[in-house]
Structure formats: structure tokens, C-alpha cells
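Trainee: With the numbering used here applied, the sequence shown corresponds to residues 14 to 257, in that order. For every residue, glycine included, the Cβ atom is placed at its ideal position computed from N, Cα and C. Keep in mind that this is a model prediction, so the values were computed, not measured.
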Amino acid sequence: MATDTTAQSGGFHEAQRHLAGLTAHAEKRALLWLAPRTPRRVTSDHLTLLGLLAMVGCGVLYGLAGRHPGLLLLVNAGLVLNWLGDSLDGTLARYRGVERPRFGFYVDHLVDAVGVLFALGGLAFSALMSPLVAAGCLIAYYLLAIETYLATYAIGRFKISWGPVGGTELRIVLAVVNGLVFVQPRVFVGGSSWLVFDVLGVGTTTALGVLAIVAGIRGTRALALAEGWAPPLPPPAEPRATYR
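1. Go ahead and pull the three-state DSSP assignment for G179.
2. Measuring straight from C-alpha to C-alpha, what distance separates Y136 and V55?
3. Does DSSP put L141 in a helix, in a strand, or in coil?
4. Are L143 and D211 closer than 8 Å when you measure CB to CB?
5. Could you say which of A164, H81 and F201 lies nearest to A235 if we only look at CA atoms?
6. Can you name the start and end residues of the alpha helix (DSSP H) that R199 belongs to?
7. Once DSSP output is grouped into helix, strand and coil, what is the label at L35?
8. Could you check the C-alpha separation between A153 and A132 for me, to the nearest Å?
9. Go ahead and label K172 buried or exposed: buried means 16 or more other beta carbons lie within 10 angstroms of its beta carbon, across all protein chains shown.
10. Which of the three DSSP states, helix, strand or coil, is assigned to L238?
11. For G91, which residues of its own chain have a beta-carbon under 8 Å away from its beta-carbon, when the five flanking residues on both sides are left out?
12. If we count Cβ pairs, one from each stretch, closer than 8 Å, do we get three or more for the stretch 44-60 versus the stretch 96-111?
13. For L85, which residues in the same chain have their Cβ closer than 7 Å to its Cβ, ignoring the five residues on either side in sequence?
14. Would you report the Cα separation of G83 and G180, rounded to the nearest angstrom?
15. Could you name the residues of the same chain whose beta carbon sits closer than 8 Å to that of L238, not counting the 5 residues immediately before and after it, in chain order?
16. According to the Cβ coordinates, are G232 and I159 closer than 8 Å?
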């Protein structure tokens, strides 16, 4: 994410980006192919706005999909547009030499937070996912996002993916689940009927929560070691009185 006006960074240094998702290599090649072929009138700001509007649209479509399941297939189109806007904006700015790293980082992740709110809000409204599950998933996502942004500032490490899973992989999984729910919105587990999106939501909430806790512990330990932390020494013993 950047604009077509170069700004002074004021000594700002971008954090080291960690991206190791299953599709990372193919995604990078695709973005590098798209960047020089993007019309000049299209800026990275336009792409960021496209990503936001696409995610808002996904939320609206999810909200209506409870009564009109066919709209789930349109959500997949929205996910593709969200990927295009969210992923190509920064690559395009770097290709044109007009990146603004502070502005881009701030706005890009603010947009992500709003987009996830709309998507999960739409699912909760649709009755395709229980509102409590949607709320839990949203909280877990925000907790992991907070830890990620704190680590970016304090440690200089910006994790875009966790293990083999990043944003693109999550979009692919969500698109597959949309197709599954379109055919069969419920599954039988342990002799009971469950909403597919509830099963996915509980699993996602658990995974995000565990990641947030583990990352928080590791980040705290890394900072403690980096800053020479040591357990406090016990207070000196009181001198004993001597008698002659």
C-alpha cells in the first residue's frame, strides 16, 4: 500500500518481513508479473480501496447468503478481488518507486481489521455461523493481529504467515468452504448436526488463540534476553551484631 507521492520516511526502517506460506513463491511471481502491466492511471491507493470494498462486499453477500445460498459463489469472486487489491498495492508501489512504508503499513492493516469485521459480521447475520462463534473468531484474530503489530514495532519482525499458512492460503480455504456450504451447510459430527462454518470457526479460533499465546511468550522472552533481563537479586542480608 502506498501513494504516488513520495514522502520522507524520517529515519523509519521497515521490519523484516516473514512470508513462508505454501503459495508465497507463486504469489510473488504473479504480483511481479502484474505490476508492470497495471495501467498507469491505477495507483496503489486504488488497489487498497478495491481490497477494502471487496471485503465489505463479501460481508454483505454473506449476510444475504442465508436466504440466497448462491451468493456464496459471488463471495469467492470478492475474495479474488480482495487478494488482488490487498497483495498488489505494495508491489505496485515498490515497482514504481513511490512506496511510503509507514503510511502503507498503517492503512493496509487498518483496512484488514475493518474487512475481517465485515466478513465475520456478515456470517453472524446470515445464520450460516453462530454469532458467538463469529465473535470468538474475531476476538482471536484481533489478539493475534495485536501481537503481530507489537512485535513489528518492538522486535522488528513482521510475520505475514504462520508456518505454511498466510492470508492467501486462508482465502483459498474460505473459498473451498463457501463451495461446500453451498452444497451442504451442515455436517454430522459425533451424531450431531453442526454448521460447517461453526466447525471452521471453532477450529480457526482455537488456532489463532494458540498462535497469539505462543507468539506472545516467544516475543516476551526474546525482548527479555535482548535487553539483558535477569531475575532481581535478593536484598542483602542484615549484618549480624558482634559481641566481644
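Mentor: Taking the geometry as given:
1. Counted from its first residue, the sequence shown places residue 179 at position 166. Note: G179 maps to strand in three-state DSSP.
2. Within the sequence shown, the letter at position 123 stands for residue 136. Within the sequence shown, the letter at position 42 stands for residue 55. In the sequence as displayed, the identity of residue 136 is Leu instead of Tyr. Each residue's alpha carbon lies about 32 Å from the other.
3. Taking the first residue of the sequence shown as 1, we reach residue 141 at position 128. In this structure, L141 counts as coil in the three-state DSSP scheme.
4. Residue mapping note: residue 143 aligns to position 130 of the sequence shown, counting from 1. Residue mapping note: residue 211 aligns to position 198 of the sequence shown, counting from 1. Inspection of the sequence shows that residue 143 is occupied by Ser rather than by Leu. Going by C-beta atoms, S143 is nearer than 8 Å to D211.
5. As a position in the sequence shown, residue 235 is number 222, starting the count at 1. Cα-wise, what sits closest to A235 is A164.
6. Here residue 199 is taken as the residue at index 186 of the sequence shown, counted from 1. The continuous stretches of alpha helix (DSSP H) do not include R199, which lies in the beta strand (DSSP E) extending over residues R199 to V202.
7. Translated into the one-based positions of the sequence shown, residue 35 becomes position 22. Coil at L35, not helix or strand.
8. Here the question's residue 153 lines up with position 140 in the sequence shown. Here the question's residue 132 lines up with position 119 in the sequence shown. Each residue's Cα considered, the two are about 15 Å apart.
9. Mapped onto the sequence shown, residue 172 falls at position 159. When all chains shown are included, K172 counts as buried.
10. Locating residue 238 in the sequence shown gives position 225, counting from the first residue. Looking at L238 - three-state DSSP - the assignment turns out to be helix.
11. By one-based count along the sequence shown, residue 91 stands at place 78. Cβ within range, chain order: A67, M68, G70, C71 and L74.
12. yes
13. Position 72 of the sequence shown holds residue 85. Taken in chain order, the residues that qualify are A78, N191, V194 and F195.
14. Residue 83 sits at position 70 when you count from the first residue of the sequence shown. Residue 180 sits at position 167 when you count from the first residue of the sequence shown. About 24 Å.
15. Walking along the sequence shown from the start, residue 238 turns up at place 225. No residues qualify anywhere along the chain.
16. Walking along the sequence shown from the start, residue 232 turns up at place 219. Walking along the sequence shown from the start, residue 159 turns up at place 146. Cβ distance not < 8 Å, so G232 and I159 don't count as in contact.
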